[in-house]
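**Q** If you scroll down you'll find the structure; I have some questions about it.
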Amino acid sequence: MDHEYLANLLYPDIDTVPDDMEKAYPPRDLPEGAKVTRFAPSPTGFIHLGNLYGALTDERLAHQSGGVFFLRIEDTDSKREVEGGVELIIDMLDKFGIHFDEGATSDGDNGSYGPYRQSRRKKVYQTYAKDLVRKGLAYPCFCTPEDLNAIREEQEREKLTPGYYGKWAKWRDADLDSIRRELDAGRPFVLRLRSEGHEGDSFKFDDLVKGKIDITANFIDHVLLKSDGIPDYHFAHAVDDHLMRTTHVVRDESWLPSLPFHIELFRVLGFRMPKYIHTAQVLKLDDGKKRKLSKRKDPEFAMSFFYSRGYPAEVTLEYMMTLLNSNFEEWRNANPDLPYTDFPFTVKKMSPSGCLFDFDKLNDISRTVISRFSTEKMYSSSVEWAREFDPELADLFTANPDYAKAILSIGRGGKKPRKDITVFSDLRSYADFFFDGLFVQKDPFPDVFATEKIREVLSLYADEYDESEDRDMWFARIKSIAERTGFCPDMKEYKAAPELYAGSVADVSMFIRLALTGRLNSPDMYDVMHILGRDRSVSRIRKKAEEL
RNA sequence: GGCCCGUUGGUCAAAUGGUUAAGACACCGCCCUUUCACGGCGGUAAUACGAGUUCGACUCUCGUACGGGUCACCA
């Protein structure tokens with residue numbers, strides 16, 4: 091077989107050789123220990139928490155070491171491509187504070203190791219492909235999908251390892267004449283690796299999170315270039331990560347089964363292997379079973395969902411950090427005010443086992459982070475979020491910024507800030523009663539209390555409320571009213587003998603709160619009444635007393 | 001089914017082969033308290049199972065079970 095001849099027959103237009111590529115993509119000039127990582131999504135426009143988990147790992151490794159973090163778009167399959175998908179991905183990661191040093195941009199490239207879209211790198215791949223053919227390490231295969239199906243069915247019937255190998259690899263040793271006959275007939279072909287592996291061979295491989303893993307050598311003649319001349323993931327991975335000088339490949343562990351093939355590819359191509367970090371997966375509980383997140387089935391794990399729900403970007407990142415490095419929480423506790431990027435992230439602390447996503451935990455982090463916002467930041471973040479997701483609320487807030495800030499400032503700033511707000515989408519139910527147009531009676535008055543009794547309390551309070559009283563006097567008055575209407579002013583005494591009273595001062599407070607805010611749960615009432623102002627407070631209470 | 005990865009409370013998880021097996025979230029209780037919260041204190045709850053190595057095993061080895069992943073001209 092004249093391999094040189096075959097190579098030219100298959101790829102007549104390719105006039106470059108691997109050496110040209112090596113020169114075009116020289117080793118990066120980086121300090122010792124600098125890591126080069128990449129985020130390499132397909133342009134579906136959709137990224138979920140699992141992707142963020144990996145992207146954050148990449149980003150930290152690169153930027154913590156003074157290296158490079160780049161974006162490569164794996165668009166070798168046009169079926170997966172979504173209009174504007176690249177932009178969506180870049181924008182969303184940007185919103186979450188993940189920024190690239192180089193790579194694909196919404197309308198082009200930024201950096202000297204591109205193009206960063208695999209669809210535009212055909213010539214690069216074919217240069218290496220042609221070289222492999224020249225060396226007898228790859229060959230064309232003219233099998234149709236039907237042929238391959240037939241092979242697989244037969245292998246399944248005989249309980250053999252499925253795949254294109256051994257006697258099934260009918261084009262592996264085809265002669266030049268039959269190849270030329272197919273070519274002349276215009277039949278499409280894929281280029282396959284002439285694997286040198288033997289079934290059953292095994293060896294160890296070192297993964298940075300999984301440790302020593304058992305590899306069963308590849309012996310399948312996998313596809314390198316599809317019939318459109320574009321590579322599949324595997325070949326593109328080897329060529330790109332070599333040329334782009336990636337030092338650490340971070341990807342989720344579902345790639346582990348194809349690692350043997352990748353190892354063979356790097357060897358055959360003469361490339362030095364990068365370090366691999368196969369990350370555990372973020373799982374969800376589905377019908378009692380754990381499974382990895384799916385784009386199709388789990389829209390609630392899309393990053394856009396977290397964004398629209400109003401989790402501040404840093405919250406999701408903080409949560410990811412707690413999953414990535416378990417000592418992050420401890421560090422955060424000791425350094426509540428430092429940016430998370432100050433944390434010494436390490437691959438060594440990454441767990442090899444998958445984890446279930448925990449909304450309770452995320453919510454707790456979110457509450458804590460939001461409770462530490464200054465009023466100014468709370469206001470600007472709220473408005474920014476609301477403009478996009480609750481325009482009516484945004485209008486109310488921006489129409490009277492001082493009023494909105496007063497509302498948002500309740501219980502904020504002290505040593506023990508309130509944690510009323512978990513996500514920005516809570517804002518509406520947190521603040522609606524401050525606006526007459528939004529005020530509704532959300533919770534009913536409990537019917538264990540006589541209507542007459544409630545009315546008596548409310549009327550009395552409406553009559554006596556004095557806005558100039560300080561906090562202590564204000565409460566003393568509530569106590570006094572409680573006492574005069576048969577409610578126990580002291581909680582301890584009430585608990586000791588509840589049967590002696592109509593209720594407690596807690597119940598009196600509840601009546602006022604319900605009249606004032608329409609709900610059982612609200613921020614500090616003294617603050618609420620002062621923000622609403624005397625007239626509105628009193629008229630709401632009086633009105634409610636009359637309606638009952 | 002083959003191959004690969006994994007397994008410490010409900011969840012995330014910490015423990016150079018020697019600990020009373022941390023901590024956080026959730027849950028429960030108590031305290032604080034003017035309600036709602038915040039906060040403080042405390043509690044329930046775990047090394048999948050079986051062998052082996054060892055003076056000693058969560059930790060090392062093997063097996064079993066269970067869970068997950070993967071077996072495309074998709075990534």
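Mapping of the first sequence onto this note's numbering: position 384 corresponds to residue 474, and the numbering continues sequentially without gaps. Glycine included, every Cβ here is placed at the ideal spot set by N, Cα and C.
(1) For my contact list, GLU639 and PRO133 are in at a C-beta cut-off of 8 Å; report their separation, rounded to the angstrom.
(2) Report the three-state DSSP secondary structure of LEU414 (helix, strand or coil).
(3) Using the beta-carbon count (16 or more within 10 Å), is HIS338 buried or exposed?
(4) Can you list, in chain order, the residues of its chain whose CB lies under 7 Å from that of CYS445, leaving out five sequence neighbours each side?
(5) Using a Cβ-based criterion (distance less than 6 Å to any ligand heavy atom), does ILE163 qualify as near the ligand FAD?
(6) Determine the contact status of ALA97 and ARG224, defining contact as a CB-CB distance below 7 Å.
(7) Have a look at ASP510, GLY156, TYR255 and flag the residue whose alpha-carbon is nearest the alpha-carbon of ARG282.
(8) Under the three-state reduction of DSSP, which class applies to ASP199: helix, strand or coil?
(9) So the candidates are LEU604, LEU314, GLU557; which of them puts its Cα closest to the Cα of HIS620?
(10) Leaving out the 5 sequence neighbours to the left and right, which residues in its chain are closer than 6 Å to GLY156 when beta-carbon positions are compared?
(11) Note down, in chain order, each residue of its chain lying with its Cβ closer than 7 Å to the Cβ of GLN531, except the 5 sequence neighbours on either side.
(12) Can you name the start and end residues of the alpha helix (DSSP H) that PRO235 belongs to?
(13) Is ASP103 helix, strand or coil by DSSP?
(14) Please classify ARG574 as buried or exposed, where buried requires at least 16 other C-beta atoms within 10 Å of its C-beta.
(15) By how many angstroms is the C-alpha of TYR95 removed from the C-alpha of ILE179?
(16) Using the Cα positions of TYR430 and ARG422, report the straight-line distance between them to the nearest angstrom.
(17) Is it a yes or a no for the segment 469-482 touching the segment 358-369, going by three-plus beta-carbon pairs under 8 Å?
(18) What do you get for ASP526, buried or exposed, if any count of 16 or more other CB atoms within 10 angstroms of its CB means buried?
(19) Identify whether LEU446 lies in helix, strand or coil by the three-state DSSP scheme.
(20) Looking at the structure shown, is ALA392 part of a helix, part of a strand, or coil, going by DSSP?
(21) For GLU637, tell me which candidate among TYR591, TYR616, ILE544 has the shortest Cα-Cα distance.
(22) When DSSP labels each residue in this structure, what does ILE320 get in the three-state scheme?
(23) Could you say which of ILE310, GLU177, LYS300 lies nearest to GLY227 if we only look at CA atoms?
(24) Can you check whether the CB of SER472 is closer than 7 Å to the CB of VAL405?
(25) Have a look at the DSSP bridge pairing and note the partners of ARG341.
(26) Shortest alpha-carbon distance to LEU139 belongs to which of LEU383, PRO434, ASN453?
(27) Should PRO230 be labelled buried (16 or more other beta-carbon atoms within 10 Å of its own) or exposed?
(28) Which value, in whole angstroms, describes the spacing of the CA atoms of GLU244 and HIS153?
(29) Measuring alpha carbon to alpha carbon, tell me which residue in LYS220, LYS257, THR336 is nearest VAL280.
(30) Among GLU559, ALA605, PRO235, which residue has its Cα nearest to the Cα of SER317?
(31) Compare the Cα-Cα distances from LEU99 to each of ASP237, LEU333, GLU272, VAL358 and report the closest residue.
(32) Who are the near neighbours of TYR591 in its chain, counting only those whose CB is closer than 7 Å to its CB and skipping five residues on each side?
(33) In this structure, how does DSSP classify ARG381 when only helix, strand and coil are distinguished?
(34) Any idea if VAL107 is buried or exposed, counting beta-carbon neighbours within 10 angstroms, 16 or more meaning buried?
(35) What residue from ASP184, ILE163, MET393, LYS212 has the CA that sits closest to ASP199's CA?
(36) Starting from LYS213, trace the alpha helix (DSSP H) both ways and give me its first and last residue.
**A** Put simply:
(1) As displayed, the chain neither begins before 91 nor continues past 638, which places residue 639 out of reach and without an answer.
(2) helix
(3) buried
(4) ALA370, VAL372, LEU373, LEU413
(5) Within the structure as shown, the ligand FAD is missing, as the structure has no ligands at all.
(6) yes
(7) TYR255
(8) strand
(9) GLU557
(10) PRO121, ALA124
(11) GLY608
(12) 235-247
(13) coil
(14) exposed
(15) 44 Å
(16) 8 Å
(17) no
(18) exposed
(19) strand
(20) strand
(21) ILE544
(22) coil
(23) Correcting the residue type first, residue 227 is Leu in the shown sequence and not Gly. For LEU227, the nearest C-alpha among the options comes from ILE310.
(24) no
(25) HIS368
(26) LEU383
(27) buried
(28) 51 Å
(29) LYS220
(30) PRO235
(31) GLU272
(32) GLY576, PHE577, CYS578, TYR584
(33) strand
(34) exposed
(35) ILE163
(36) 212-224
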